[in-house]
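Chains W and C, in that order, give the protein sequences. Note that the first sequence ends on residue 376 in our numbering; no numbers are left out. Note that the second sequence ends on residue 324 in our numbering; no numbers are left out.
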Amino acid sequence: MGAYLVRRLLTSILTLWVIITLTFVLMHAIPGDPFISEARVSPQALDNLRRFYGLDQPLPVQYVRYLANLARLDLGRSIRSEVRNINQMIADGLPISALLGAEALILAVVGGVTLGVLAALGHNRLLDHVSIGLAIVGISVPSFILATLLITIFAVKLGILPVSTWGTWQHTVMPAFALGLAPLAYLARLTRSSMLEELGQDYVKAAIARGLSRWRVILGHALRNALLPVVTVLGPITAGILTGSFIIENIFGIPGIGKIFVLSISDRDYPLILSGAVVYSVLLLLTNFLVDAAYGVIDPRIRVLGKTR
Amino acid sequence: MSHPQPVEHAQQPPAELFRPRADAPARGVSAAPAGRGRDVVRRLRQNRLAVLGFWIIAALVVMAIVGPFLVPYAYDEQNLLEGNEPPSARHWFGTDDFGRDVFARTWTGARISLFVGFTAAFLDLVIGVIYGGTSGYTGGTTDDVMMRVVDLLYGVPHLLSTVLLMVVLGPGLFTIILAMVATGWLGMARLVRGQVLQLRELEYVQAAHALGVPSRRVLGRHLIPNAMGPILVNLTLTVPAAIFTEAALSFLGLGVPLPLASWGTMTAEALVTILTGQTWRLFFPAFFISLTMFAFNAFGDGLRDALDPRLKR
């Protein structure tokens, strides 16, 4: 298990390096530079600007410098934004995005697993229909459409939630729901089918025959095994919530890193775009690493085989 | 090929047992692949959601082709005197703030969505089959190296890489497809490689090799038909994913350039109507994009269940 995790960590770092390098090359493959549009700046001022951002250096020098700065956790300076220091911008935006992402993830996992288990138990045909209906909505309605729908209903028509921006917990309700509904629906279907499969296994019948209480069998035995496929998809689901925040934060005007990232793209603020890619990749690779580690804890077979696939 | 010799002293069964029953399905050995295909279609037709999805897709394709011709307005034709009109006999889906016909724009959007979806899925398939097939069939070090490359790139979230590439490539219909395919083929390559590796080891494939069936015939007769199922399912589910990505990019202003009408740009332009009340401008693109996503996903899920009943969810 230890060797596996170490190898997994090294792969993640390598992937991160590939992403950084590819992004760096891509950003510098664009013709012109960020100051090209500033027509009114004198050539002397342009030269000074380029020197200030290190853009006058040859590319390999810029690249090594960038990597060295990254290693010191210095993301550099933004070209367009008022705050300028990217570390500061990320430090301002990240807690907001993290809170929103965590809310969406918790909503998706808790809601999805609960709904899936209840639907699998089949006590309630209504719940089964609800989970199917939710799955259809979750798979069909893109998050940005769901978000506009929610705003129309709850903010404009009913007036019970604030339309946009950030501040109180009421501001987080609609964005978290818009981000979390699709993964919730997916998890509900996955949990349901996986739970149905486990409930049909012999060990469940054996446990019931031994006289264990129904809930103990369902929660302690069947659910534990049924959760394995759920844990494997947590990585992709987190990725979906992370990238989904580009869109959702823009609709709701939430000052998180998703909004910063998209703004940096329309502003052609290359250092900020690079930093955005790096921050997102680190978050994602970290999640995938944690999911793999968690998978090893839950499923002892992986520790023996040392492989997830 | 030699058949087992009948044991001489065994009692011969009555000859009538060897005649096909009158009600037996007419199916010779050579018709086996066709029979399998028929089974899949039969199971697919029993799945009401999948059938519904199929007919919605068919209707969308037809409307994408003929829709823009049904009204005497071009998608980018402005008429400021008829701006923001609700749906009527003249403008079936109403008009937007520039007086452009929402019906014409909606079906132009359908063309873009379906074109992007089908093209991206097709290119993913071609690259994925060539790369994954080569990797799986060659095996050894080549396979290792090829798959490590895929693993490294696979760690990048799809929307992130697509957005970054769009920054470099600039807005446009073909740049979107290019940006999506740049990392979109990775999943298909993994799938194809897995299929080839798995099928190569199966006994009937080895038996075919051992019996001297030429490699090409093994590939065409056994490997490809049996790998087709999961590939087809993946293909069907790639289409809505690509359509979603295009809409999301266009929604963010990174997609097709104006004045082209994509469902994503139409939704973004209509956001303001939440407050001003011309809800039809938001409703039509939002409705049709959801309908499209639903249809492809329902059909793809149905296809997966039909191809492999054991995987029934």
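For every residue, glycine included, the Cβ atom is placed at its ideal position computed from N, Cα and C. Please read all numbers here as calculations on a predicted model, not as lab measurements.
Contacts of residue i in chain W (Cβ-Cβ under 7 Å)
{"i": "Ala259(C)", "result": "Pro209, Phe211 and Ile314"}
{"i": "Ala61(C)", "result": "Residues of chain W passing the Cβ test: none, with the nearest at roughly 13 Å."}
Assigned exposure category for residue i - 16 Cβ within 10 Å defines buried
{"i": "Phe80(C)", "result": "exposed"}
{"i": "Ser109(W)", "result": "exposed"}
{"i": "Ala218(C)", "result": "exposed"}
{"i": "Asn308(C)", "result": "buried"}
{"i": "Lys224(W)", "result": "exposed"}
{"i": "Gly143(C)", "result": "buried"}
{"i": "Pro250(W)", "result": "buried"}
{"i": "His196(W)", "result": "exposed"}
{"i": "Leu246(W)", "result": "buried"}
{"i": "Ser325(C)", "result": "For chain C, the structure presents residues 12 to 324; residue 325(C) sits outside this window and is missing."}
{"i": "Gly115(W)", "result": "Looking at the sequence provided, one finds Asn at residue 115(W) rather than Gly. When all chains shown are included, Asn115(W) counts as exposed."}
{"i": "Tyr270(W)", "result": "exposed"}
{"i": "Leu357(W)", "result": "exposed"}
{"i": "Glu214(C)", "result": "exposed"}
{"i": "Ala70(C)", "result": "exposed"}
{"i": "Thr247(C)", "result": "buried"}
{"i": "Asn136(W)", "result": "exposed"}
{"i": "Asp316(C)", "result": "buried"}
{"i": "Pro168(C)", "result": "buried"}
Chain C contact residues for residue i, given Cβ-Cβ distances below 8 Å
{"i": "Asn317(W)", "result": "Leu263"}
{"i": "Ser145(W)", "result": "In chain order: nothing, as chain C lies at least about 15 Å away."}
{"i": "Tyr347(W)", "result": "Pro168 and Leu171"}
{"i": "Ala273(W)", "result": "Going along chain C, no residue has its Cβ under 8 Å from Ala273(W), so there is no contact; the nearest lies around 24 Å."}
{"i": "Thr93(W)", "result": "As written in the sequence, residue 93(W) is Leu, which differs from the Thr given in the question. Going along chain C in sequence order, the residues near Leu93(W) (Cβ under 8 Å) are Leu175, Leu176, Val178 and Val179."}
{"i": "Ile86(W)", "result": "Gly166 and Val167"}
{"i": "Ala344(W)", "result": "Leu171 and Leu175"}
DSSP three-state assignment for residue i, whether helix, strand or coil
{"i": "Arg144(W)", "result": "strand"}
{"i": "Asn58(C)", "result": "coil"}
{"i": "Thr106(C)", "result": "strand"}
{"i": "Asn152(W)", "result": "strand"}
{"i": "Asp123(W)", "result": "coil"}
{"i": "Asp87(C)", "result": "coil"}
{"i": "Trp84(W)", "result": "helix"}
Within chain C, the residues that residue i reaches when beta carbons sit closer than 9 Å
{"i": "Leu351(W)", "result": "Gly166, Val167, Pro168 and Leu171"}
{"i": "Thr181(W)", "result": "Under the 9 Å cutoff, chain C gives no residues; its nearest Cβ is about 19 Å from Thr181(W)."}
Chain-ordered neighbours of residue i on chain C, where CB pairs are closer than 7 Å
{"i": "Ala60(W)", "result": "The structure shown does not extend to residue 60(W), since chain W spans only 68 to 376, so no value can be given for it."}
{"i": "Val329(W)", "result": "Leu263"}
{"i": "Leu81(W)", "result": "Leu163"}
Neighbour list for residue i in chain W, Cβ cutoff strictly below 9 Å
{"i": "Ile285(C)", "result": "Thr215, Ile218, Thr219, Ala222, Val223 and Val230"}
Within chain D, partners of residue i - CB distance below 9 Å
{"i": "Ala306(W)", "result": "No chain D appears in this structure, whose protein chains are W and C."}
For the segment 139–180 of chain C, which segments carrying the alpha helix (DSSP H) assignment without a break, of at least 4 residues, lie completely within its bounds, in sequence order? The qualifying runs are 151–165 and 169–180.
inquiry  = Ignoring anything shorter than 3 residues, give me the beta strand (DSSP E) runs that lie fully in the segment 240–320 of chain C, in order along the chain.
reply    = List check, beta strand (DSSP E) in window: nothing returned.
Specify whether the segment 149–157 of chain C and the segment 285–293 of chain C touch according to this definition: at least 3 beta carbon pairs, one from each stretch, less than 8 Å apart.
Cβ pair count under 8 Å is below three, so no.
Checklist entry - For the segment 160–175 of chain W against the segment 237–247 of chain W, are there 3 or more C-beta pairs whose distance is under 8 Å? => result Enough Cβ pairs lie closer than 8 Å, so yes.
**Asked** Contact between the segment 340–358 of chain W and the segment 182–197 of chain W: three or more CB pairs below 8 Å?
**Response** No: fewer than three Cβ pairs fall under 8 Å.
Indicate whether the contact test is met: 3 or more Cβ pairs, each with one atom in the segment 292–311 of chain C and one in the segment 205–213 of chain W, closer than 8 Å. Because the criterion of three Cβ pairs below 8 Å is met, the segment 292–311 of chain C and the segment 205–213 of chain W touch.
Alpha helix (DSSP H) runs wholly inside the segment 174–214 of chain C, at least 4 long, in chain order
184–211, all fully within the segment 174–214 of chain C.
Exercise. Please specify which runs of the beta strand (DSSP E), each continuous and at least 3 residues long, are wholly inside the segment 324–370 of chain W, giving them in chain order.
Key: Within the segment 324–370 of chain W, no complete beta strand (DSSP E) segment of 3 residues or longer occurs.
Quick test of the definition: if touching needs 3 or more C-beta pairs under 8 Å, does the segment 280–300 of chain W touch the segment 329–336 of chain W? Segments in contact, no.
Would you be able to state if there are at least three C-beta pairs under 8 Å between the segment 161–173 of chain C and the segment 194–201 of chain C?
With three or more CB-CB distances shorter than 8 Å, the segment 194–201 of chain C counts as touching the segment 161–173 of chain C.
Self-check item: contact_flag[the segment 320–329 of chain W, the segment 213–222 of chain W] where n(CB pairs < 8 Å) is 3 or more
Solution: Too few Cβ pairs lie closer than 8 Å, so no.
The segment 115–127 of chain C in contact with the segment 72–87 of chain C per 3-pair CB rule at 8 Å
The segment 115–127 of chain C makes contact with the segment 72–87 of chain C: 3 or more CB pairs, one atom from each, lie closer than 8 Å.
Item to check | Inter-stretch contact at 8 Å, needing at least 3 Cβ pairs: the segment 123–140 of chain W / the segment 85–96 of chain W | outcome: Remark: three or more beta-carbon pairs, one from each stretch, lie closer than 8 Å, so the segment 123–140 of chain W and the segment 85–96 of chain W are flagged as touching.
| query | Which runs of the alpha helix (DSSP H), 4 residues or longer, sit entirely within the segment 236–274 of chain W? | reply | Counting only runs of 4 or more, we get 237–266.
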